[in-house]
Amino acid sequence: MILVTGGAGFIGSNFVLDWLAVGDEPIVNLDLLTYAGNLDNLASLEDDARHLFVRGDIGDGDLLARLFATHQPRAVVNLAAESHVDRSIHGPAEFIQTNIVGTFRLLEATRAYWGGLAGARREAFRFLHVSTDEVYGSLAPGAPAFAESHRYEPNSPYSASKAASDHLVRAYHHTYGLPVLTTNCSNNYGPYHFPEKLIPLVIHNALAGRTLPIYGDGMQVRDWLYVKDHCSAIRRVLEAGRLGETYNVGGWNEQPNLEVVGTICRILDQLRPRADGLAYFSQVAFVQDRPGHDRRYAIDATRIERELGWRPAETFASGIQKTVQWYLDHPEWVENVTSGAYREWIGRHYAAGAPA
Ligand code: NAD
Ligand code: TYD
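Just add 2 to the spot in the sequence shown (first one is 1) and you have this note's numbering.
The following block contains the structure:
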């Protein structure tokens, strides 16, 4: 079996669902259930003996030691993190705690467990760390996309904390020989995406008749990847990645934010036209820019394609169509996650049209 952390979050729950859809190897899913973790995402696994959910912190060494001793995983896939740049600007402490200290404790517990393995089980063990392209910083227009050799230049507390965790993972390989793999992925979108992030926020606000807040001029560029393609990349790297190596994962799909929002609006205009006949794009409102806002991210995913034969299955056109349809089909999921803590965040963050 494998130990997945953060498996109740956006990417984690997609990963758990896809893993159990394509195979039968059981998962122990360790997740703290912060505001971003949601067991509704995993409701279809309620009676599935292949999935064991444990609520807990990746920073809890005693709990980790017990989980390793009891379940003897053959691999760890670390997806647990604080993940929202804007939240990291308002309050970085949790990012330091989970992304850096938490990853350190997880590495320590893994090292202790792996150190006790022998023979084929020790050989086969893997620790896969899921990270982000944001560790590389911001690209100038026209500059080559991020390759794995690009230097680390994180600009937000979020990306700095992820960069620190990547360095720890690397060090545990070089110092202790821990069999690690790291993936640095571009922006994901798809089902179960918490509506604090651009794409689900825009879908949700559009349908609710609220403004669609565009930071600055909306010309910041991101490289969008459908979440299920990210999950297949993680599976592939876990299966065949070279030990100690990092793999950049991306969709070959750079788009300015305004273009992304325009596409979502056009799909909604077709699938769920506004009662007054106006275009959803009329709800766009330019708001104050995010401090330190990275202008452009772009991933060069050549290595994972050349070495491991992975390429995304979805184009942005097909992935975004599926995503908008998923949100239209799951109003109860959106309703559940947009209560309480969510409303408090939105109220605080977008007060007077300012993002910070
Ligand atoms: P998310 O915020 O949706 O989910 C994070 C999950 O981790 C939540 O379920 C939360 O409850 C859990 N968690 C938080 N702190 C924890 C702790 N201390 N112990 C155990 N569980 C904890 O994030 P996501 O978008 O699913 O991202 C998952 C991973 O992928 C993160 O490491 C993130 O940096 C990385 N990543 C995300 C993207 C993206 O576009 N979302 C892109 C590249 C990489
Ligand atoms: P986000 O989904 O927060 O991902 P990240 O900051 O990790 O790339 O934001 C994606 C882009 O959308 C980013 O350039 C910030 C921008 N953005 C807005 O313009 N308005 C918003 O309300 C949000 C949440 C993001």
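Backbone N, C-alpha and C define an ideal beta-carbon position, used for all residues, glycine too.
Buried versus exposed, by CB contacts within 10 Å (16 or more), residue 141 | buried
Whole-angstrom C-beta distance between residue 300 and residue 231, which should lie under 8 Å | Wrong, their Cβ atoms sit about 16 Å apart, outside the cutoff.
Give the secondary structure of residue 77 by DSSP, where H, G and I count as helix, E and B as strand, and everything else as coil.
-> strand
So, are the CB atoms of residue 259 and residue 216 less than 8 Å apart?
-> yes
Spatial neighbours of residue 242 within its chain, please: CB distance less than 7 Å, with the 5 preceding and 5 following residues excluded, ordered by chain position.
-> 310
Counting only the same chain and skipping the five closest in sequence on each side, list residues whose C-beta sits under 7 Å from that of residue 196.
-> 12, 38, 202 and 339
Alpha-carbon to alpha-carbon, residue 276 and residue 151 | 47 Å
Closest residue to residue 268 among 253, 254 and 286 (Cα-Cα distance) | 286
Three-state class that DSSP yields for residue 348 in the structure shown = helix
State the Cα-Cα distance for the pair residue 64 and residue 100, rounded to the nearest angstrom.
-> 16 Å
Should the region 112 to 119 be called in touch with the region 60 to 78, which here means at least 3 C-beta pairs below 8 Å?
-> yes
Residues near residue 33 in its chain [Cβ-Cβ closer than 6 Å; skip 5 each side] | 8, 9, 10 and 39
What residue from 85, 60 and 25 has the CA that sits closest to residue 50's CA?
-> 25
Say the cut is 7 Å; is the CB of residue 88 nearer than that to a heavy atom of ligand 2?
-> yes
The beta strand (DSSP E) spanning residue 161 covers which residue range?
-> It is not in any beta strand (DSSP E) - residue 161 instead sits in the alpha helix (DSSP H) that spans 159 to 178.
Where residue 340 falls: helix, strand or coil (DSSP) | coil
Report the three-state DSSP secondary structure of residue 297 (helix, strand or coil).
-> coil
Contact check, residue 66 vs residue 55, beta carbons under 8 Å = no
Count the other CB atoms within 10 Å of the CB of residue 333; is the residue buried (16 or more) or exposed (fewer)?
-> exposed
So is residue 240 buried or exposed if we call it buried at 16+ other beta carbons inside 10 Å?
-> buried
Using the C-alpha atoms, what's the distance from residue 164 back to residue 174?
-> 15 Å
Return helix, strand or coil for residue 154, following the three-state DSSP convention.
-> coil
Sub-8 Å separation of residue 157 and residue 296 beta-carbons | yes
Using 8 Å as the limit for Cβ to Cβ distance, is residue 49 near chain D?
-> Among the chains of the structure shown, chain D does not appear; only one protein chain is present.
Same chain, Cβ closer than 7 Å to residue 280, five either side skipped, listed in chain order | none
Do residue 16 and residue 229 have their CB atoms nearer than 8 Å?
-> yes
Burial state of residue 386, where buried means 16 or more other Cβ atoms lie within 10 Å = The structure shown does not extend to residue 386, since the chain is modelled only from 3 to 358, so the question has no answer here.
Hey, out of 171, 306 and 53, whose CA is closest to residue 108's CA?
-> 171
Residue 57 - DSSP class collapsed to helix/strand/coil = strand
Excluding the five sequence neighbours on either side, which residues of its own chain have a C-beta within less than 8 Å of the C-beta of residue 292, listed in chain order?
-> 87, 88, 91, 217, 218, 357 and 358
Same chain, Cβ closer than 6 Å to residue 57, neighbours up to 5 away in sequence not counted = 35
When every heavy atom of ligand 2 is checked, does at least one fall within less than 7 Å of the C-beta of residue 230?
-> no
Residues that DSSP places opposite residue 182 in a beta bridge = 129
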